[in-house]
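Participant: The numbering of the sequence shown is the working numbering, which starts it at 528 and goes up by one. The beta carbon of each residue, even a glycine, is placed where N, CA and C say it ideally should be. Predicted, not measured: the structure shown is a model, and the values here were computed from it. Here it is, the structure in full.
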Amino acid sequence: MIGILDYGAGNMHSVEKAIKKLGYPYVRIEDGTYTGEIEQLILPGVGHAEQAMKQLEERGLVSYIKRKVEEGIPILGICLGMQLLLDASEEGDAQGLGLLKGTVPYFANPDLKVPHMGWNDVEDVKGHFLLKDLPKQTDFYFVHSYYAAPKDTDDIIGLTDYGTPFASAIGNDYVMGVQFHPEKSGEAGMKLLDNFCRYAKKKVTTC
Numbered sequence: 528m529i530g531i532l533d534y535g536a537g538n539m540h541s542v543e544k545a546i547k548k549l550g551y552p553y554v555r556i557e558d559g560t561y562t563g564e565i566e567q568l569i570l571p572g573v574g575h576a577e578q579a580m581k582q583l584e585e586r587g588l589v590s591y592i593k594r595k596v597e598e599g600i601p602i603l604g605i606c607l608g609m610q611l612l613l614d615a616s617e618e619g620d621a622q623g624l625g626l627l628k629g630t631v632p633y634f635a636n637p638d639l640k641v642p643h644m645g646w647n648d649v650e651d652v653k654g655h656f657l658l659k660d661l662p663k664q665t666d667f668y669f670v671h672s673y674y675a676a677p678k679d680t681d682d683i684i685g686l687t688d689y690g691t692p693f694a695s696a697i698g699n700d701y702v703m704g705v706q707f708h709p710e711k712s713g714e715a716g717m718k719l720l721d722n723f724c725r726y727a728k729k730k731v732t733t734c
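In structure tokens form, the structure reads like this:
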């Protein structure tokens with residue numbers, strides 16, 4: 528069962544539709560009181576980082592997410608959802624979930640059109656299972672004004688060039704995020720979501 532975190536994010540329904548089309552069972556998790564069994568979490572997101580964190584906190588989802596990740600449940604953040612996985616964002620000086628070390632700066636280059644909107648290449652730089660069976664460079668659909676800057680370069684899964692290279696896919700085996708919208712990226716996006724649902728498994732810890 529895949530848990531899709533519902534905190535009023537704009538792309539919630541399109542993510543649900545994509546997971547349903549892939550044939551995976553899912554449940555919408557609206558607050559931290561949910562006690563059902565889940566195998567993976569998806570954190571969608573469109574909007575403002577500070578407001579999103581406020582909504583997550585008010586619904587008890589911040590503590591819920593952190594608890595589930597500590598239990599070894601894999602999570603995928605999409606667009607703003609990816610940015611929230613990091614420590615902090617310049618957008619409203621928002622504090623993030625801190626599941627990955629790093630910050631979220633604004634595209635400061637005055638020569639760039641912001642937001643970065645449209646199709647752009649993502650280069651697979653790690654061989655992570657999220658990009659399994661996709662070309663080394665694959666087009667995905669972007670809409671964003673801020674981008675992830677992971678502290679540890681080993682957390683970079685994919686790179687995209689927009690005036691300068693930036694991390695468009697980040698994570699490790701259990702905490703993952705993509706800046707682009709896989710649910711709006713055609714067959715490649717569906718493949719990425721399928722890879723997450725198929726290969727992201729609960730972390731098994733031993734004493």
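For the alpha helix (DSSP H) containing Ile592, list its first residue and its last residue.
Facilitator: Residue mapping note: residue 592 aligns to position 65 of the sequence shown, counting from 1. That run of the alpha helix (DSSP H) goes Leu588 to Glu597.
Participant: Tell me which residue opens and which closes the beta strand (DSSP E) that Gln582 is part of.
Facilitator: Against the sequence shown, residue 582 aligns to sequence position 55. Where Gln582 is concerned, there is no enclosing beta strand (DSSP E), although the alpha helix (DSSP H) it sits in stretches over Ala576 to Glu585.
Participant: Within 10 angstroms of its Cβ, does Asn722 collect 16 or more other Cβ (buried), or is it exposed?
Facilitator: Locating residue 722 in the sequence shown gives position 195, where the first residue counts as 1. With 16 or more other Cβ atoms within 10 Å, it is buried.
Participant: Are Ile735 and Leu568 closer than 7 Å when you measure CB to CB?
Facilitator: This structure leaves residue 735 out entirely; the chain is present only between 528 and 734.
Participant: So what's Cys734 in DSSP terms, helix, strand or just coil?
Facilitator: Numbered from 1 along the sequence shown, position 207 holds the residue referred to as residue 734. Summary for Cys734: the model assigns pLDDT 42, below 50, so the residue's position carries little reliability; its value from the coordinates is reported in the next sentence. Coil.
Participant: Unbroken beta strand (DSSP E) runs of length 3 or more, entirely within the region 655 to 709: which are they?
Facilitator: Correct list: 664 to 671, 683 to 689, 691 to 698 and 702 to 705.
Participant: Could you tell me the alpha carbon to alpha carbon distance between Thr733 and Ile600, rounded to whole angstroms?
Facilitator: For this step, residue 733 is matched to residue 206 along the sequence shown. For this step, residue 600 is matched to residue 73 along the sequence shown. Because Thr733 carries a pLDDT of 47, less than 50, the predicted location of this residue cannot be relied on, and no value is offered for it.
Participant: If we ignore side chains and look at the alpha-carbon of each, how far apart do Ser541 and Val573 end up?
Facilitator: Counting from one through the sequence shown, the residue named residue 541 turns up at place 14. Counting from one through the sequence shown, the residue named residue 573 turns up at place 46. So the alpha carbons of these two residues sit roughly 12 Å apart.
Participant: Short check: CB of Asn636 to CB of Gly690, under 7 Å?
Facilitator: Within the sequence shown, the letter at position 109 stands for residue 636. Within the sequence shown, the letter at position 163 stands for residue 690. In contact: Asn636 and Gly690 (Cβ atoms closer than 7 Å).
Participant: Give the straight-line distance between the Cα atoms of Tyr673 and Asp620, rounded to the nearest whole angstrom.
Facilitator: Taking the sequence shown and counting its residues from 1, the one referred to as residue 673 is at position 146. Taking the sequence shown and counting its residues from 1, the one referred to as residue 620 is at position 93. The straight-line gap from Cα to Cα measures roughly 12 Å.
Participant: Let me confirm a value: Gly563 is counted as buried when at least 16 other C-beta atoms fall within 10 Å, else exposed. Which label applies?
Facilitator: In the sequence shown, residue 563 corresponds to position 36, counting from 1. Exposed: under 16 other Cβ atoms inside 10 Å.
Participant: Between Ala727, Lys728 and His708, which has its C-alpha nearest Glu543's C-alpha?
Facilitator: One-based indexing of the sequence shown puts residue 543 at position 16. That would be His708, whose Cα lies nearest to the Cα of Glu543.
Participant: Along the alpha helix (DSSP H) that carries Ile546, what are the first and last residues, could you check?
Facilitator: Position 19 of the sequence shown holds residue 546. That run of the alpha helix (DSSP H) goes Met539 to Leu549.
Participant: Quick one: grab the DSSP three-state call for Glu714.
Facilitator: Sequence index remark: in the sequence shown, residue 714 carries index 187 (1-based). If DSSP states are grouped into helix, strand and coil, Glu714 belongs with the helices.
Participant: Looking at the secondary structure, which residues open and close the beta strand (DSSP E) in which Met644 lies?
Facilitator: For this step, residue 644 is matched to residue 117 along the sequence shown. His643 to Asp651 is the extent of the beta strand (DSSP E) around Met644.
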